[in-house]
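Trainee: Dropping the structure in here first, questions after.
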Amino acid sequence: MTRRALFSLLQSQPTRPLSRQSSLLPQSSSSHTFHPSSSLLTRLSRSYSFLRYHSHRPTSFPQPLTSPMATSAAGDNSSAVAFPLSASNVLKINKGDITKWFVDASSDAIVNPANERMLGGGGADGAIHRAAGPELREACFKVPEVSHGIRCPTGEARITPGFRLPASHVIHTVGPIYDTNNNPKASLTNAYRNSLNVARDNNIKYVAFPAISCGVYGYPFEEAADVAISTIKEFANDFKEVHFVLFSDEIYAVWVKKAKELLQE
Numbered sequence: 001m002t003r004r005a006l007f008s009l010l011q012s013q014p015t016r017p018l019s020r021q022s023s024l025l026p027q028s029s030s031s032h033t034f035h036p037s038s039s040l041l042t043r044l045s046r047s048y049s050f051l052r053y054h055s056h057r058p059t060s061f062p063q064p065l066t067s068p069m070a071t072s073a074a075g076d077n078s079s080a081v082a083f084p085l086s087a088s089n090v091l092k093i094n095k096g097d098i099t100k101w102f103v104d105a106s107s108d109a110i111v112n113p114a115n116e117r118m119l120g121g122g123g124a125d126g127a128i129h130r131a132a133g134p135e136l137r138e139a140c141f142k143v144p145e146v147s148h149g150i151r152c153p154t155g156e157a158r159i160t161p162g163f164r165l166p167a168s169h170v171i172h173t174v175g176p177i178y179d180t181n182n183n184p185k186a187s188l189t190n191a192y193r194n195s196l197n198v199a200r201d202n203n204i205k206y207v208a209f210p211a212i213s214c215g216v217y218g219y220p221f222e223e224a225a226d227v228a229i230s231t232i233k234e235f236a237n238d239f240k241e242v243h244f245v246l247f248s249d250e251i252y253a254v255w256v257k258k259a260k261e262l263l264q265e
């Protein structure tokens, strides 16, 4: 139910306007006092909950960040699988919502699978822009163009603040459209490698990736997982934790299988 529909519902009730001091709770005095039915209260409660949690505007009741242990998986913590990269570094594979991921809100970053314009799009890119708020698009717009309309060529990476996201930074990278005639493996490797280089250069200690190019860009999951995990192995000593936060059961299963092959040799 939209705000307009909610307002119309209130207007339709056969009662005189409420005074500034009145509320939706029944009063004990006047016979003209508004006594809402239980069904109306239920609909109002559900409508408030919908608007509260699904509006992209900032809410009046911000929720505090919870502890890193509770939130770093950004989803079902029971799905998290950890693989050691070195004696002091770990790769974690989770299934969940990358826009909710964070560790310490100061040295953490999520990776946005952007397009070359960096102004938002569909899929995870659009979800990240919506969660971060309009400030993210404004920051991206200020990134210098390297050619007309292009701020981040395929395989490169840029960094911005996270704004309304729980993570402190967003690293924007552009993965390739899968086309075997254009060496997509090299471009995807560069997307991961340059994202990690940018993170390291900006003192990021915790990084979360989606499955870059595995949505509408059509990159086969097995091949993408091999590139992603192999590239991350090169940076084993540069970060405290590297995460994958994946949106589907199928991609999650492929990533876990590939990590077992490459990291448990």
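In terms of UniProt numbering, the sequence shown opens at residue 1 and continues consecutively.
Beta carbons: idealized from backbone N, C-alpha and C, even for Gly.
In this text the structure is predicted, and so the values were computed from the model without any measurement.
Name the residue from TYR252, THR231 and PRO166 whose alpha carbon lies nearest to the alpha carbon of SER187.
Mentor: Indexing the sequence shown from 1 puts residue 187 at position 187. Of TYR252, THR231 and PRO166, the residue nearest in Cα terms is THR231.
Trainee: Since ILE177 and TYR217 should fall inside the 8 Å C-beta cutoff, what is the C-beta to C-beta distance between them, to a whole number of angstroms?
Mentor: Your numbering for residue 177 matches position 177 in the sequence shown. Your numbering for residue 217 matches position 217 in the sequence shown. The Cβ separation is near 5 Å, so the contact holds.
Trainee: Using only alpha-carbon positions, find the residue among TRP101, GLY175 and ASP179 that is nearest to PHE247.
Mentor: Residue 247 sits at position 247 when you count from the first residue of the sequence shown. With distances taken between Cα atoms, PHE247 lies closest to TRP101.
Trainee: For a quick check, are the C-beta atoms of LYS205 and PHE239 less than 8 Å apart?
Mentor: Counting from 1 along the sequence shown, the entry for residue 205 is found at position 205. Counting from 1 along the sequence shown, the entry for residue 239 is found at position 239. Yes, they are a contact pair.
Trainee: Would you give the residue range spanned by the alpha helix (DSSP H) that PHE141 belongs to?
Mentor: Along the sequence shown, one-based indexing puts residue 141 at 141. Here the alpha helix (DSSP H) through PHE141 covers 134-141.
Trainee: Near VAL111, which residues of its chain fall below 7 Å by C-beta distance, leaving aside the five closest residues on each side in sequence?
Mentor: Stepping through the sequence shown from its first residue, residue 111 is reached at position 111. Here the set comprises ILE171, THR173, SER195, VAL207, ALA208, PHE209 and PRO210.
Trainee: So, using beta-carbon positions, are GLY155 and SER213 closer together than 8 Å?
Mentor: In the sequence shown, the residue the question calls residue 155 occupies position 155. In the sequence shown, the residue the question calls residue 213 occupies position 213. Not closer than 8 Å, so no.
Trainee: Three-state secondary structure (DSSP) at SER147?
Mentor: Here residue 147 corresponds to residue number 147 of the sequence shown, with the count starting at 1. Looking at SER147 - three-state DSSP - the assignment turns out to be strand.
Trainee: Is any beta-carbon of chain B found at less than 8 Å from that of ASP238?
Mentor: In the structure shown, chain B does not exist; there is a single protein chain.
Trainee: According to DSSP, which residues form a beta bridge with THR90?
Mentor: By 1-based counting over the sequence shown, the position of residue 90 is 90. It is worth fixing the name first, because residue 90 is Val in this sequence and not Thr. Paired residue(s): PRO84 and GLU241.
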